[in-house]
Amino acid sequence: MRNKGEILAEILSNYSDCYIFLHNTKKESVVRSILDNGFICESQLSNTTDRVNPLEPIEVSYFFYQRKDYGEYTIIIAIHKNVYDLYLLTSRKKGIPLEEAMSAKKPYLSENEELVFKLPREYILGYFDGFKNRLVKNPEWNPEFTNIRQSPSKK
Numbered sequence: 032m033r034n035k036g037e038i039l040a041e042i043l044s045n046y047s048d049c050y051i052f053l054h055n056t057k058k059e060s061v062v063r064s065i066l067d068n069g070f071i072c073e074s075q076l077s078n079t080t081d082r083v084n085p086l087e088p089i090e091v092s093y094f095f096y097q098r099k100d101y102g103e104y105t106i107i108i109a110i111h112k113n114v115y116d117l118y119l120l121t122s123r124k125k126g127i128p129l130e131e132a133m134s135a136k137k138p139y140l141s142e143n144e145e146l147v148f149k150l151p152r153e154y155i156l157g158y159f160d161g162f163k164n165r166l167v168k169n170p171e172w173n174p175e176f177t178n179i180r181q182s183p184s185k186k
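This is the structure we're talking about:
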């Protein structure tokens, strides 16, 4: 019998053109809010998610082992590699955090005086239901979505 990590890794292998970030939560209501509104993170995306290689089942299995206390619902953030790299370039050019370049709204300060960012819901592939071992896809998912405003090219 396959474990959750192997099941999810098989699903994620179809998205190898994306960078994959995982986040566990205990409540389905939290999952629904993230699907509807986007993913809020404080300071850095890496503080609240784990980036995994979708072609490495051992990484996904280790994620579940390491984060088992955080819940049975796994939010899956999947951003196309070209879009993510564009955000990296933009953040470097502007001297801002990567998360600020990606944020759907202007960042604000939390009670801890940390910047809070909101990833667009278009980057939420869906969630993995650990009780039923199945993916629930987000109909709004668009890995190639970008909120970077391109200036018109000059002729």
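Count along the sequence shown starting at 1, add 31, and that's the number in the working numbering.
Ideal Cβ placement from N, Cα and C applies to all residues, glycine included.
Keep in mind the model is a prediction, meaning the values are calculated, not measured.
- When the Cα atoms are used, what is the spatial distance from residue 159 to residue 141? Residue numbering aside, residue 159 sits at position 128 when the sequence shown is read from its first letter. Residue numbering aside, residue 141 sits at position 110 when the sequence shown is read from its first letter. Going by the C-alpha atoms only, they are around 29 Å apart.
- Message: Short of 7 Å in beta carbon distance, which residues of its chain neighbour residue 164, apart from the five on each side in sequence? Order them along the chain.
- Response: Along the sequence shown, one-based indexing puts residue 164 at 133. Result list for residue 164: 35, 38, in chain order.
- Return the first residue and the last residue of the beta strand (DSSP E) that residue 109 is part of. The sequence position of residue 109 within the sequence shown is 78, counting from 1. First-last of the beta strand (DSSP E) with residue 109: 104-111.
- Message: Just verifying my parser: in three-state terms, what is the DSSP assignment at residue 48?
- Response: For the purposes of this step, residue 48 is taken as the residue at position 17 of the sequence shown. Three-state result, residue 48: coil.
- To the nearest whole angstrom, what separates the beta carbons of residue 150 and residue 94, a pair I think is in contact under 8 Å? Here residue 150 refers to the residue found at position 119 when the sequence shown is read from its first residue. Here residue 94 refers to the residue found at position 63 when the sequence shown is read from its first residue. Not quite, the Cβ-Cβ distance comes to about 18 Å (not below 8 Å), so this is no contact.
- Task: Enumerate, from N- to C-terminal direction, the unbroken beta strand (DSSP E) stretches of 3 or more residues contained entirely within the region 59-98.
- Result: 70-73, 81-83
- Query: With burial defined as no fewer than 16 other Cβ atoms inside 10 Å of the residue's Cβ, what is the status of residue 85: buried or exposed?
  - Reply: In the sequence shown, the residue the question calls residue 85 occupies position 54. With 16 or more Cβ atoms within 10 Å of its Cβ, residue 85 is classed as buried.
- Message: Would you call the region 162-179 in contact with the region 108-118, where contact means no fewer than 3 C-beta pairs closer than 8 Å?
- Response: yes
- Query: Going by the beta-carbon positions, is the gap between residue 135 and residue 121 smaller than 8 Å?
  - Reply: Here residue 135 is taken as the residue at index 104 of the sequence shown, counted from 1. Here residue 121 is taken as the residue at index 90 of the sequence shown, counted from 1. No.
- Query: Among 92, 145, 67, 91, which residue has its Cα nearest to the Cα of residue 76?
  - Reply: Here residue 76 is taken as the residue at index 45 of the sequence shown, counted from 1. Sorting 92, 145, 67, 91 by C-alpha distance to the C-alpha of residue 76 places 145 at the top.
- Ignore the nearest five residues each way along the sequence and tell me which others in residue 50's own chain have a CB closer than 7 Å to its CB. Mapped onto the sequence shown, residue 50 falls at position 19. Around residue 50: 82, 110, 112, 115.
- Task: Have a look at the DSSP bridge pairing and note the partners of residue 56.
- Result: In the sequence shown, the residue the question calls residue 56 occupies position 25. Bridge partners of residue 56: 104.
- Task: Under 8 Å Cβ to Cβ from residue 61, same chain only, skipping five residues before and after it: list those, please.
- Result: Here residue 61 refers to the residue found at position 30 when the sequence shown is read from its first residue. For residue 61, where only same-chain residues beyond five positions count, the Cβ hits under 8 Å are 104.
- Item | DSSP-derived helix/strand/coil call for residue 155 | Locating residue 155 in the sequence shown gives position 124, counting from the first residue. Three-state result, residue 155: strand.
- Message: Between which two residues does the beta strand (DSSP E) holding residue 149 run?
- Response: Taking the first residue of the sequence shown as position 1, residue 149 is located at position 118. Taken as a continuous stretch (DSSP letters only), the beta strand (DSSP E) holding residue 149 covers 146-150.
- So what's residue 168 in DSSP terms, helix, strand or just coil? Counting from 1 along the sequence shown, the entry for residue 168 is found at position 137. Residue 168 falls in the strand class under three-state DSSP.
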